[in-house]
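Beneath this line is the structure, given in structure tokens, with notes to follow.
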Amino acid sequence: MTLEELWKLFPISLTKHNPCWADWYIEEVDCLRDLLPYDMQYFHVGSTAVKDIMAKPIIDILAVVDSYEEMVKSASILKEHNYIIMSEKDSRISLNKGYTEDGFAEKVFHIHIRLKGDIDEVYFKDYLIAHHQVAKEYEILKLKLWKEYEYNRDAYTDAKTSFVKIYTDIAKQNC
Numbered sequence: 039m040t041l042e043e044l045w046k047l048f049p050i051s052l053t054k055h056n057p058c059w060a061d062w063y064i065e066e067v068d069c070l071r072d073l074l075p076y077d078m079q080y081f082h083v084g085s086t087a088v089k090d091i092m093a094k095p096i097i098d099i100l101a102v103v104d105s106y107e108e109m110v111k112s113a114s115i116l117k118e119h120n121y122i123i124m125s126e127k128d129s130r131i132s133l134n135k136g137y138t139e140d141g142f143a144e145k146v147f148h149i150h151i152r153l154k155g156d157i158d159e160v161y162f163k164d165y166l167i168a169h170h171q172v173a174k175e176y177e178i179l180k181l182k183l184w185k186e187y188e189y190n191r192d193a194y195t196d197a198k199t200s201f202v203k204i205y206t207d208i209a210k211q212n213c
């Protein structure tokens, strides 16, 4: 499939917060712990971790490893268990689960494997949780961008980048 065909099959969609997302995160982390031999830290990141704002119904999990070798080995193990490697760059590997030939499964996950210290998403998520008004501003931005970039995930993400960077930097300064 071309990238455009994939984006049509897996469009951006925002939904109201689902309290089940926290449980799905815990269940998936339990599966990851069973599969991976490393003592990793896991974080629920992304908008599904922030109550009261709309989100793509995809659970983002940040998995932190100690070395590049652990990152590569972890990705290899997950690939053997039907996770799809979506990107590998700059000492980061992202995998997906829940993408089918017919579209999204009921539960969809993005696993972001990172080296220790590369946890900006945690800072951003924690800042949104602590600052409800900023979380609502983020939701408004996402709603504005949703229809414009419904079939272009890269452009959707790029259009949010400056907002995310501003508040991630503020969160990191306040630690």
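All residue numbers for the sequence shown refer to the numbering used here, where the first residue is 39 and numbers rise by one. All C-beta atoms in this analysis are idealised placements derived from N, C-alpha and C, irrespective of residue type, glycine included.
- Annotated as proximal: I99 and I149, with beta-carbon spacing under 9 Å.
- With distances taken between CA atoms, I96 lies nearest to F48 out of E43, F48 and Y205.
- DSSP places T138 in the uninterrupted beta strand (DSSP E) bounded by R130 to T138.
- About 5 Å separates the Cβ atoms of H55 and K89, confirming a contact at the 8 Å cut-off.
- The region 149–166 makes contact with the region 103–119, as at least three CB pairs between them are under 8 Å.
- Spatial neighbours of L179 in its own chain (CB-CB distance under 7 Å, excluding positions within 5 residues in sequence) are listed in chain order as K198 and F201.
- For A143, the uninterrupted beta strand (DSSP E) run begins and ends at G141 to L153, by DSSP.
- Rounded to whole angstroms, E186 and L52 show a C-alpha spacing of 13 Å.
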